[in-house]
């Protein structure tokens, strides 16, 4: 059939064009907050965010195989520091929560939805009929090859059967496929509008989260990839490259400059680091209140034997 | 848009490539016949089904005023699996909207949902935890049957906790319903063994029993006595039983005084009225109870000893000496001499004990002449006494930040799982995060007590990554020869 091929070529060119336009326009990534947790829902956002070096964790069910835990799907949960870094760089914006608006039914949207359903039903019916026809043709040609009867009779018979199929075929409504959207449709999907809608970063800033953020930013600036490290007793795990390709080198523990760490804690974290073959980094930020210009001080702990 | 139809078993999965960013999400296409429709009701925070439920109804959901309903986390999980389509204001909710609308409360946040989803995907049956469904230790001692009355409780309790609840008829006198449950239990106990419950213990039971004895209908109706307590309404036949009370009380029976009418030393003429909070709301103040008719029913006769017992008493008395018969004491002429005699006698007894050790203010802990076992000796010198996890746990008050969220049942019980009689869960889950404090001993005791005899697991959510921890009560083994 000709039409699908035409469709393919058209789509490919459209995809290329849209990709270029996206690259050109410094797309702003949308972050939605669910309570205090930053989440990302859009597929192209997820792709571009990985290129920025932000890893995050997928926490939703995978649409294709929802009942397993090895591969998860959207949303992508971000560390608060990841989101804040992107917002500071101007690459991301917080989409304000619109669940409290629109208390009444919007009849226009409902009509649109039902019209969309009807269109989808017609399309699916047509596609199903085509599918049936091709199957029938295949069966008939196989039979024809086996029997090798006369040409005209078989052609006529084939045409009759196809016509009978077209008349008798009805696509039941219960077999219709209905789409369940993952991300919300609406204005926020348009990258240009996101900058307009952006809200302030809603997480309260206290000393500990400041320290964590500065350490994160500094390590990220040096090109490392960071993920969370609660299971290892620290704040971040530091990878020299993408976490899918490397093991972590460091466990980062963020403490403030003037905080004294009891010796048993130092011993505990050092023991842990040596057991998992990673170096422990104790990190503190410079102590001044300005954002730029202060340094992060790193101390590494490594278990060495008695010489 | 290029659609590629992949025929899967029950669903059609289509990959849509973008054309301008309008449809850039991965959609799941599900045949409409399998999709259950539902409606989100924000005021009650539940999802009400509008078409009959599928296979998931066996382990999820509950019935409320004739309709099948789901908790928000259950509905969100089913949406992600592609089994449910939830409508709000006539439009279907996307999963993102589901997250934002269903998960904004503290009882069910994104972290709680992550744990819920993780366990459900592994196949466990996960329900919300209901603190009153845990039998108290007293009830466990009495071995009360648990299966009959737990089913219809969940929706009623939920609504009674929410401030905007529309629940009719049960809001007044929550204490009265609690007492009803206790009364039911007590009465069931009574009905079961009418013969073995002697009159002797009747006054020892709480004053409630006197009120129920007074009422003729309850005693005659026996098994049907429950209907006397039923509330109006609740027409749903399958899962709700009439007369279902609210949460059962956590009574500390050590602090409620039970009068001991059998003692000979203290015989009150009448008992004062009990604290009204211990009585059903409708009964109110009972008034003082006249003890005399009850005492008549008590067996207050003297114990008549047999001859052997009399002999034993006499033998014991033989070794008791009257001090006036003592010759040495008779020889003393005045009080001072008597005291000297006593001093000498004590000294003689304590010959082995050096005075410099035993006469000062600080004495040795143990006299080596005294015979004790090694175990007792170790107990004497121990500074730290061993204790069990649940010691002192009953007096702990609840906490806002630490609470048990879910009951977990094993996946292999799914085939026989009944929502009305789920049985004892495999574990109970408490959700926390590495950002918060580590659970301290107070929290461990509190949650272990709340959970009864089911172990508690702590699910720690670390930005999408979940780890499970549990604390086990452990006793250092002691040598049995001690």
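Residue numbers (our numbering), protein chains in the order written: chain A, 2 to 308; chain B, 0 to 481.
Note that beta-carbon positions come from the ideal geometry of N, C-alpha and C, so glycine has one too.
Taking the Cα of residue 50 of chain A as reference, the smallest distance to any Cα among A:63, A:33, A:133, A:84 is reached at A:84. Cα atoms of residue 120 of chain B and residue 463 of chain B: separation of roughly 15 Å, rounded to the nearest angstrom. About 39 Å separates the beta carbon of residue 102 of chain B from that of residue 265 of chain A, a gap too long to meet the 8 Å contact definition.
For secondary structure counted as the alpha helix (DSSP H) over 4 or more consecutive residues, the region 67-112 of chain B holds these complete runs in sequence order: 71-80, 94-101. Judged by DSSP in its simplified three-state form, residue 167 of chain A adopts helix.
Across the region 95-123 of chain B, CB contacts with chain A closer than 7 Å involve 95, 96, 98, 99, 100, 102, 103, 108, 109, 113, 116, 117, 120, 121, in sequence order along the chain.
Look at residue 431 of chain B: its C-beta is not under 8 Å from any C-beta on chain A. Residues of the region 452-470 of chain B with a Cβ closer than 9 Å to any Cβ of chain A, in chain order: 459, 460, 461, 462, 463, 464, 466. Look at the region 222-234 of chain A: the residues with a C-beta under 7 Å from a C-beta of chain B are 229, 231, 232. Take residue 34 of chain B, set aside five residues on each side of it, and the residues of its chain with a beta-carbon closer than 6 Å to its own are 84, in chain order. Three or more pairs of CB atoms, one per stretch, sit closer than 8 Å, so the region 442-450 of chain B contacts the region 393-406 of chain B.
When the Cα atoms are used, residue 297 of chain B and residue 262 of chain B turn out to be separated by approximately 11 Å. A Cβ-Cβ contact shorter than 8 Å links residue 233 of chain A with residue 277 of chain A. A Cβ of chain B is located within less than 8 Å of the beta carbon of residue 35 of chain A. Note that the C-beta distance between residue 282 of chain A and residue 251 of chain A is below 8 Å. Its chain contains 365 as the residues whose beta carbon lies nearer than 7 Å to that of residue 376 of chain B, once the 5 sequence neighbours on both sides are disregarded; these appear in chain order.
Under the DSSP assignment, residue 127 of chain B falls in the beta strand (DSSP E) whose first and last residues are 124-127. Contact of residue 81 of chain B with chain A by beta-carbon distance below 8 Å involves 64, 67, 181. The secondary-structure analysis by DSSP pairs residue 56 of chain A with nothing; it has no beta-bridge partner.
Under the Cβ criterion of 8 Å, residue 107 of chain A is counted among the residues facing chain B. As a beta-bridge residue in DSSP terms, residue 466 of chain B pairs with B:459.
Considering only beta carbons, the part of the region 66-91 of chain A lying closer than 9 Å to chain B consists of 67, 68, 69, 70, 73, 74, 75, 76, 77, 78, 79, 80, 81, in chain order. Excluding residues up to 5 positions away in sequence, 39 lie with their Cβ nearer than 6 Å to the Cβ of residue 87 of chain B in the same chain.
Judged by DSSP in its simplified three-state form, residue 316 of chain B adopts helix. Below 8 Å, too few C-beta pairs join the region 63-71 of chain A and the region 129-137 of chain A to call them touching: fewer than three.
Sequence-distant Cβ neighbours of residue 32 of chain A in its own chain, meaning closer than 8 Å and more than five residues away, are 39, 40, 41, 79, 84, 87, 88, 93, 94, 95, 96. Residue 409 of chain B is outside the set of residues whose beta carbon lies under 8 Å from a beta carbon in chain A. DSSP, read as helix, strand or coil, puts residue 50 of chain A in helix. Annotated three-state conformation of residue 300 of chain A is strand, per DSSP.
Here residue 279 of chain B is buried, its C-beta having at least 16 other C-beta atoms within 10 Å. At a Cβ-Cβ threshold of 8 Å, residue 67 of chain B and residue 92 of chain B do not count as neighbours.
Per DSSP, the beta-bridge partners of residue 285 of chain A are A:298.
Proximity of residue 57 of chain B to chain A, defined by a Cβ-Cβ separation below 8 Å, is not satisfied. Using a CB distance below 9 Å, the part of the region 64-81 of chain B facing chain A consists of 76, 78, 79, 80, 81, ordered along the chain. Contact between the region 120-133 of chain B and the region 105-115 of chain A is absent: fewer than three C-beta pairs spanning the two stretches fall below 8 Å.
Contact between residue 82 of chain A and residue 172 of chain A does not hold, since the beta-carbon distance rounds to 51 Å and is not under 8 Å.
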